[in-house]
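So the structure is just underneath, and the comments pick up after that.
There are 2 protein chains.
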Amino acid sequence: MHGAAAVEDRVFRALADPSRRAIFESLTRGEAAVKDLTARFDISQPAISQHLAALKDAGLVRHRREGRCAFYRVDPRGMKPLIDWIAHYRAFWTKHIGRLERLLEGLDE
Amino acid sequence: MHGAAAVEDRVFRALADPSRRAIFESLTRGEAAVKDLTARFDISQPAISQHLAALKDAGLVRHRREGRCAFYRVDPRGMKPLIDWIAHYRAFWTKHIGRLERLLEGLDE
DNA sequence: CAAACATATAAGCCCTTACTTATTTATCGT
DNA sequence: ACGATAAATAAGTAAGGGCTTATATGTTTG
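Which chain is which? The protein sequence lines are A and B, in order. Residue numbering for the first sequence follows the numbering used here, starting at 41 and increasing by one per position. Residue numbering for the second sequence follows the numbering used here, starting at 41 and increasing by one per position.
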């Protein structure tokens, strides 16, 4: 519970940076090597590696080594802290704006 | 479309700070004046006001003035950018871990 | 009106962070 | 083995963020 809060913290901090969100989004389209991401974005390779390390530390991403390439992919379980945090306020939402779930229903379309 | 991204950015940045999340959580328990929040937390009144300004700028919070008191309350609509961002990856989730919606179903219990 | 109160803003400080270039480590192809 | 490629790490820098104290603005009370 103290460790869980730390994970929550890392997730929120990791997603706070727009470059990191863009990299994360790019990875949802499929596994990618660092060199691919370096080609896609306008920042240096070390910057990419540092962002990936932050995402990995938050549990949002996993990596696999194959030869001299390092492939990164999204770990969907990493989103759980975020989902949990949102769910925590559901009671509040329903009390105040009724069926905010309509927003969430988009998730079931 | 440039404005929407800017809002998303402000929301993620606002929630990145644990003090701000704590203040937000405190506000979900009910409207509160700045002095109440100042009493609840161990940071100065200006720090509270600055956090509230960030939350307000992100659209997560609204404020109402009554005499010399400023009451802040959560604006649930401010969560929409966050929900939308999560929903954006739903297709990916279902492909990779099947019914992650179970996590989200907690929102409908 | 004056003093106390509630909040916002200003200015400054320190720590964090996101980036860069340079270097290291490891792996592949020739 | 050598040179090229892929990624991680190191070190330094510049900007941003969160906090503080001090001050300004507006409001209630005596």
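Note that CB positions come from ideal geometry on N, CA and C, so glycine has one too.
Cβ-based neighbour list, residue i, same chain, cut-off 7 Å, excluding 5 preceding and 5 following
| i | result |
| --- | --- |
| B/D124 | none |
| B/L55 | R61 |
Residues of its chain near residue i, where Cβ-Cβ distance is below 8 Å and the 5 sequence neighbours each way are ignored
| i | result |
| --- | --- |
| A/I88 | I63, V74, L77, T78 and F81 |
| B/R53 | A94 and A98 |
Between the CA atoms of residue j and residue i - distance to the nearest angstrom
| i | j | result |
| --- | --- | --- |
| B/D49 | A/P58 | 7 Å |
| A/D97 | B/H128 | 22 Å |
| A/K120 | B/G107 | 42 Å |
Cβ shell of residue i (< 6 Å), same chain only, five flanking positions each side left out
| i | result |
| --- | --- |
| B/L122 | V51 |
| A/G118 | G99 and L100 |
| A/F111 | E71, A73 and R104 |
DSSP three-state assignment for residue i, whether helix, strand or coil
| i | result |
| --- | --- |
| B/F81 | coil |
| A/A44 | helix |
| B/R69 | coil |
| B/R108 | coil |
| B/H91 | helix |
Contact with chain B by residue i, beta-carbon distance below 9 Å
| i | result |
| --- | --- |
| A/H128 | yes |
| A/T68 | yes |
| A/D76 | no |
| A/L55 | yes |
| A/P116 | yes |
The ligand NAD heavy atom lying under 8 Å from the CB of residue i
| i | result |
| --- | --- |
| A/R80 | Ligands displayed in this structure: none; no statement on the ligand NAD is therefore possible. |
Min CB distance residue i to chain A below 9 Å
| i | result |
| --- | --- |
| B/I83 | no |
| B/D97 | no |
| B/Y102 | Here residue 102 of chain B is Arg; the residue named in the question, Tyr, does not match the sequence. Not one chain A Cβ lies under 9 Å of B/R102. |
| B/L92 | no |
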